[in-house]
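Heads up: the sequence shown begins at 182 in our numbering, then just goes up one per residue.
We put the beta carbon where it would ideally sit given N, CA and C, even for glycine.
Here the structure is a predicted model, which is why all the values come from computation and not from measurement.
Working notes for the structure below.
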Amino acid sequence: MIPLFFFLFGICIGSFLNVCITRIPEGISVISPGSRCPRCEMPIKPYDNIPVFGWLFLRGKCRNCGLPISPMYPIIEFLTGAIFVLTYYEFGVTFLTLKWLILSCLIITLTVTDLRVRLLPDAVTFPGATLGLLLSFLITIYDPTAGTLYYCAFHRLPPYPGVVFNVLNSVLGLLLGSLLLWGAAAAYKLVRKREGMGFGDVKMMAMVGAFLGPRGAFLTILVGTLLGSIVGLSWIALLYLYGWKRKLAERAARRGLGSVSNLRWAIVSQYQLPLGTFLGVGAMGVVYLVPSLLDLFLR
Ligand SMILES: [Zn+2]
């Protein structure tokens with residue numbers, strides 16, 4: 182019964198995340214008006230608005246205008262439900278579960294928004310970072326960094342209660358996450374003479390760091406950028422192979438701007454990769470896979 186409850190609760194929250202994903206980048210309120218068909222703007226009836234199942238019953242078409250409704254909606258709802266169940270199985274009914282559920286919701290919203298419109302809205306990252314800091318007053322961040330730094334500086338065990346180090350870890354995570362990414366962006370700009378990433382990625386990492394602490398923030402950047410390099414470069418190679426924007430390159434070549442293949446490389450290499458999406462996947466990996474991997478390793 183409990184996993185089922187987590188799943189049903191998760192798909193309902195996923196339904197709200199869909200609203201955030203589609204409305205926040207456009208600056209529309211997430212509360213009113215209620216759900217509408219994105220094409221004919223007809224309000225969706227409550228019985229058609231049931232997460233996942235509503236879309237399946239309607240076979241992905243609006244009841245009023247018959248035009249297709251994006252499968253993104255049921256996919257996000259199902260994914261959120263699945264992550265909620267996974268969190269229950271890994272962390273039980275604990276405060277830690279609550280914290281990871283909040284973080285997953287923020288990450289799903291950012292990851293999908295970045296993938297769709299290449300934006301990481303401040304309306305998500307700023308409240309998210311604040312929430313991460315506040316939660317550190319209540320829920321332990323398992324990170325030895327703050328304690329080790331104290332010991333190195335004063336050569337004795339800390340006299341303060343654990344909560345001080347928790348909050349310190351959260352602040353250190355926020356600073357390390359954002360500064361590392363900001364440094365990488367500055368270095369990239371220096372070498373390539375153009376912007377490699379937006380400040381949205383820096384703010385997103387500040388949020389992730391506030392939740393995970395410095396060690397988790399560092400791991401997230403490591404996994405995220407590695408994943409981004411592998412998947413991103415493969416994606417760019419695929420775009421080139423399948424003739425993405427070939428016509429544009431051919432037109433430019435006719436005007437004498439260079440050979441078609443050189444121009445196509447130049448266009449394809451400008452393709453903007455959603456770094457926030459990769460960082461989001463990295464953070465989820467750090468939360469859900471690292472504990473099990475460590476467990477396996479220690480055994
Ligand atoms: Zn419609």
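For Asn199, the distance from the CB to the nearest heavy atom of ligand 1 is not below 7 Å.
Uninterrupted beta strand (DSSP E) stretches at least 3 residues long and entirely within the stretch 351-438 do not occur.
Of the residues Ile231, Thr292, Asn350 and Thr290, the one whose Cα lies closest to the Cα of Leu314 is Asn350. In the three-state reduction of the DSSP assignment, Arg217 falls in the strand class. Relative to ligand 1, the beta carbon of Arg220 is positioned inside 7 Å of a heavy atom. Between the C-alpha atoms of Arg204 and Tyr332 there is a straight-line separation of about 47 Å. By the neighbour-count definition (other C-beta atoms within 10 Å, threshold 16), Leu414 is an exposed residue. A direct Cα-to-Cα measurement between Leu429 and Trp446 gives close to 12 Å.
The residue from Arg427, Arg432, Ala434 and Gln451 with its alpha-carbon nearest to that of Ile417 is Gln451. Taking C-beta separations shorter than 8 Å and ignoring five residues to either side along the sequence, the partners of Lys280 in its chain run Leu316, Ile320 and Phe392, following chain order.
The Cβ-Cβ distance between Gly262 and Ile212 does not fall below 8 Å. For Ile322, no alpha helix (DSSP H) encloses it, and the DSSP letter there is neither H nor E.
A distance criterion of 7 Å places the beta-carbon of Met223 in contact range of ligand 1, judged by its closest non-hydrogen atom. Under DSSP, Lys242 forms a beta bridge with Pro249. Pro308 carries a helical assignment under DSSP once its states are collapsed to helix, strand and coil. Your pair Leu355 and Ala310 checks out as a contact, with CB atoms roughly 6 Å apart and the cut at 8 Å.
A straight-line Cα-Cα distance of about 11 Å links Trp363 and Lys370. At the C-beta level, Ile264 and Ser251 stay beyond 8 Å of one another. Taking C-beta atoms under 8 Å as the contact rule, Ser440 and Ala433 fail to qualify, at a distance of about 10 Å. In the DSSP annotation of this structure, the continuous segment of the alpha helix (DSSP H) that includes Ile283 starts and ends at Phe276 to Val298.
With respect to Leu454, Gly409 sits close: the two C-beta atoms are nearer than 8 Å. In this structure, DSSP gives Pro224 an extended state, which the three-state scheme calls strand. Collapsing the DSSP output to three states places Ser440 in coil. Shortest Cα-Cα distance from Cys243 to any of Glu222, Asn347, Ile289 and Phe399 involves Glu222.
Here DSSP, grouped into helix, strand and coil, assigns Tyr452 to coil. Taking a contact as a CB-CB distance under 8 Å, the pair Met386 and Ile402 counts as one, their CB atoms being some 7 Å apart.
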